[in-house]
Amino acid sequence: MAFSSILVPLEESEILESVLGTALVFAKRYESYVEGLCILPTLAGAVAVGFEGGAAALSGTEEQFETEQRMRAGRLRSEFQKFITQNEIPQAQDDASKLCARWVESEASGIGVFGQRARVFDLTVVGRPMPGMMTPAMNTLETVLFESGRPILIAPPRTPAAIGRHIVIAWNGGTETARAIAFAKPVLRQAERITVLAVEGGMVPGPDAEEVKANLVRDDVTVDVREVPGRRSAAEAGDVILSETMEIGGDLLIKGGYTQSRLRQMIFGGATSQILSKSEVPVFMAH
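Sequence positions in the sequence shown follow the numbering used here and run 9 to 295.
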């Protein structure tokens, strides 16, 4: 069964409802087990790894920090329980094999446990970090992307009505996107339409978009190729990928994560960085 298990790292944010809702769209489709994971960091660990609130806690006591973290966990648990109740999702049993959900708390030194736990799940759903709002941390997204060895689904600010009817593959010729396509095969095989999008300025040496199409059509799906010429930077290519996806009505974007190094993208910008900061559709990503 494809995507039979889905992990949702739980963080307080203004888009938590969309994160859970996006996970539910996939969970209903694949009769998945959904685990909401909340971590309770120790004070020393939180300061060491830069966990949200850790630095501020230096001015307080360990007892105060633990109390605040328990309160935070309580609020998250209430939100998760409301999500389960409103959507009539069964509570998971030990032999869970169909659509169900479970709340899990884990004491940990920091967010690294999200990436570790994600290694035994088919998919992890995280929220899109958004400047100027209380949103999921970029550290969480990158930890799961780089440490899990599994794909992630990045939820947009608003819960999508459907995911995977028209899939856009942001093909750049690279290893990371090839891996994302391989992980996404179950979704691709069920798509009504697939568009392989190649944007000049965002390519690396590798197979071209027509070769990707030739591979995909063997699964008896409808595949189009859309090539956008023109010299541009990698960051500009990211903007073009998003605008093209919206223009053709894509409801899921498949993208490899960080073909360039993270440091280079932080300094100079890049397609992945642009997509992570601006996408209004779910992004299926692997590294």
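A virtual CB, placed ideally from N, CA and C, is assigned to each residue, including glycine.
Closest residue to residue i among the options (Cα-Cα distance)
| i | options | result |
| --- | --- | --- |
| L45 | W111, I14, L24 and K90 | W111 |
| I175 | L250, V42 and S12 | L250 |
| T148 | V42, F11, V289 and L284 | L284 |
| G120 | G278, T253, G82 and F154 | F154 |
| P98 | I23, E39, G118 and E244 | E39 |
| H295 | K286, S281 and Y266 | Y266 |
| S246 | F73, A206 and D102 | The sequence given here places Gly at residue 246; Ser does not occur at that position. Answer by Cα proximity: A206. |
| Q282 | F88, S241 and F73 | S241 |
| R37 | V204, L107 and T151 | L107 |
| G210 | E218, E71 and V248 | V248 |
| G182 | L84, A217 and M254 | A217 |
| V212 | I202, R201, T203 and T185 | T185 |
| S12 | L24, E22, A31 and E70 | A31 |
| K90 | L24, E74 and G257 | L24 |
Distance cut-off 7 Å: residue i Cβ against heavy atoms of the ligand FMN
| i | result |
| --- | --- |
| T132 | Judged by which ligands are present, the structure shown has none, so any question about the ligand FMN falls away. |
Whole-number beta carbon distance between residue j and residue i, since they are thought to touch under 8 Å
| i | j | result |
| --- | --- | --- |
| P159 | A188 | 6 Å |
| A100 | Y41 | 6 Å |
| G118 | P49 | 6 Å |
| A199 | R173 | 7 Å |
Limits of the unbroken alpha helix (DSSP H) element including residue i
| i | result |
| --- | --- |
| L107 | Here L107 belongs to no alpha helix (DSSP H), and DSSP marks it neither H nor E. |
| G120 | G120 to R125 |
| G82 | E70 to Q94 |
Proximity below 8 Å, CB of residue i to CB of residue j
| i | j | result |
| --- | --- | --- |
| A35 | P194 | no |
| A222 | A279 | no |
| S26 | P165 | yes |
| P168 | V291 | no |
| G82 | N180 | no |
| L261 | L224 | no |
| I47 | A109 | no |
| F122 | T151 | yes |
| V289 | T253 | yes |
First and last residue of the uninterrupted beta strand (DSSP E) at residue i
| i | result |
| --- | --- |
| M142 | No beta strand (DSSP E) holds M142; DSSP gives it neither H nor E. |
| P49 | Y41 to P49 |
| D232 | V231 to V236 |
| M293 | V291 to A294 |
| V207 | R201 to V207 |
Any contact between the region 141-151 and the region 220-232? By contact I mean 3 or more CB pairs, one from each, below 8 Å. Flag = no, the region 141-151 and the region 220-232 do not touch.
Inter-stretch contact at 8 Å, needing at least 3 Cβ pairs: the region 235-243 / the region 161-176: The answer is no - the region 161-176 does not touch the region 235-243, with fewer than three Cβ pairs under 8 Å.
Quick one: any contact between the region 129-138 and the region 12-23, if contact means 3 or more CB pairs under 8 Å? Yes: at least three Cβ pairs fall under 8 Å.
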